[in-house]
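*Asks:* Structure in structure tokens, see below.
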Amino acid sequence: MSKPKTFIFIGRSGCGKGTQAALLETYVKERDIKTHIVHLETGALFREFFKGSSFSHRLAHDIYERGGLQPEFLTVHLWSNFFVKYMKDDVHLIIDGTPRKINEAHILDTALSFYGREKPYVIYLNVSRAWAEKRLLARHREDDTKKDITSRLDWFDTDVVPALDFYRTNARYHFIDVNAEREIQDIHADIVKQCGLS
Numbered sequence: 031m032s033k034p035k036t037f038i039f040i041g042r043s044g045c046g047k048g049t050q051a052a053l054l055e056t057y058v059k060e061r062d063i064k065t066h067i068v069h070l071e072t073g074a075l076f077r078e079f080f081k082g083s084s085f086s087h088r089l090a091h092d093i094y095e096r097g098g099l100q101p102e103f104l105t106v107h108l109w110s111n112f113f114v115k116y117m118k119d120d121v122h123l124i125i126d127g128t129p130r131k132i133n134e135a136h137i138l139d140t141a142l143s144f145y146g147r148e149k150p151y152v153i154y155l156n157v158s159r160a161w162a163e164k165r166l167l168a169r170h171r172e173d174d175t176k177k178d179i180t181s182r183l184d185w186f187d188t189d190v191v192p193a194l195d196f197y198r199t200n201a202r203y204h205f206i207d208v209n210a211e212r213e214i215q216d217i218h219a220d221i222v223k224q225c226g227l228s
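Quick note on the working numbering: the sequence shown kicks off at 31 and runs consecutively.
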């Protein structure tokens with residue numbers, strides 16, 4: 031890989047964003063051992079944030095408990111601080127779980143421009159609502175109640191889809207629509223091929 035690359039993973043809850051982002055990170059590391067990788071995991075940033083005890087921490091945790099979508103200002107605050115702390119000149123960048131709203135997509139666009147990231151790959155892990163719901167229920171996680179799952183799938187349709195459309199029609203990005211209702215390794219192989227990494 032000659033130039034630092036940027037990969038943004040987007041998809042419904044349960045589509046496998048974290049799994050595919052981790053597989054891609056391993057793949058890139060094995061083939062470009064000299065270049066550092068910065069991996070932004072928005073979910074991990076929020077899980078750490080929820081450990082706080084301030085008024086803001088409590089409000090954010092209440093939204094999480096209800097299965098709601100965090101406000102843009104807070105999400106942007108977390109990943110902006112992450113970028114300021116970890117971004118360097120010559121790194122590959124993997125983004126998992128951001129953006130989730132159209133305004134956030136525009137702000138992330140300014141951040142990527144600021145850091146000189148050329149033609150990021152937006153990897154949309156495309157699964158149906160019914161497929162995602164079935165997978166989430168099968169995980170039996172504490173936050174995967176029927177009500178919470180319905181809420182998360184609802185805000186994907188109302189909030190995340192407009193962000194997807196922003197990338198789909200934006201010439202500054204490579205938009206890749208991946209059928210994610212398949213075996214994990216098949217999905218990974220498809221991503222590698224469509225990103226021109228094979």
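Every residue, glycine too, gets a C-beta built ideally from N, C-alpha and C.
Consult DSSP for L142 and reduce its assignment to one of helix, strand or coil.
*Replies:* helix
*Asks:* Return the bridge partner residues of V208 from the DSSP annotation.
*Replies:* L155
*Asks:* What separation, rounded to the nearest whole angstrom, lies between the Cα atoms of S228 and R42?
*Replies:* 26 Å
*Asks:* Taking the alpha carbon of N156 as the point to measure from, which residue in K47, T36, K33 and P34 has its own alpha carbon closest?
*Replies:* K47
*Asks:* From the DSSP output, in three-state form, read off L227 for me.
*Replies:* coil
*Asks:* Please report the residue range of the alpha helix (DSSP H) in which F80 lies.
*Replies:* It is not in any alpha helix (DSSP H) - F80 carries neither H nor E in the DSSP assignment.
*Asks:* Following a CB-centred definition, is F186 positioned closer than 7 Å to any heavy atom of the ligand SAM?
*Replies:* You won't find the ligand SAM in this model; it holds no ligand whatsoever.
*Asks:* Considering G41, what are the terminal residues of the beta strand (DSSP E) in which it resides?
*Replies:* T36 to G41
*Asks:* Report all residues from its chain with a CB closer than 7 Å to the CB of D195; omit the five preceding and five following residues, and keep chain order.
*Replies:* Excluding sequence neighbours, D195 sits near nothing in its chain.
*Asks:* Got a sec? Which residues, its chain only, sit under 8 Å from M117 by beta carbon, not counting five neighbours each side?
*Replies:* V68, L123 and Y145
*Asks:* Y197 and F186 look like a contact to me (Cβ under 8 Å); what is the Cβ gap, rounded to whole Å?
*Replies:* Contact doesn't hold; Cβ gap of about 15 Å is too wide.
*Asks:* Looking only at C-alpha atoms, which of V58, C45 and G44 sits nearest to F37?
*Replies:* V58
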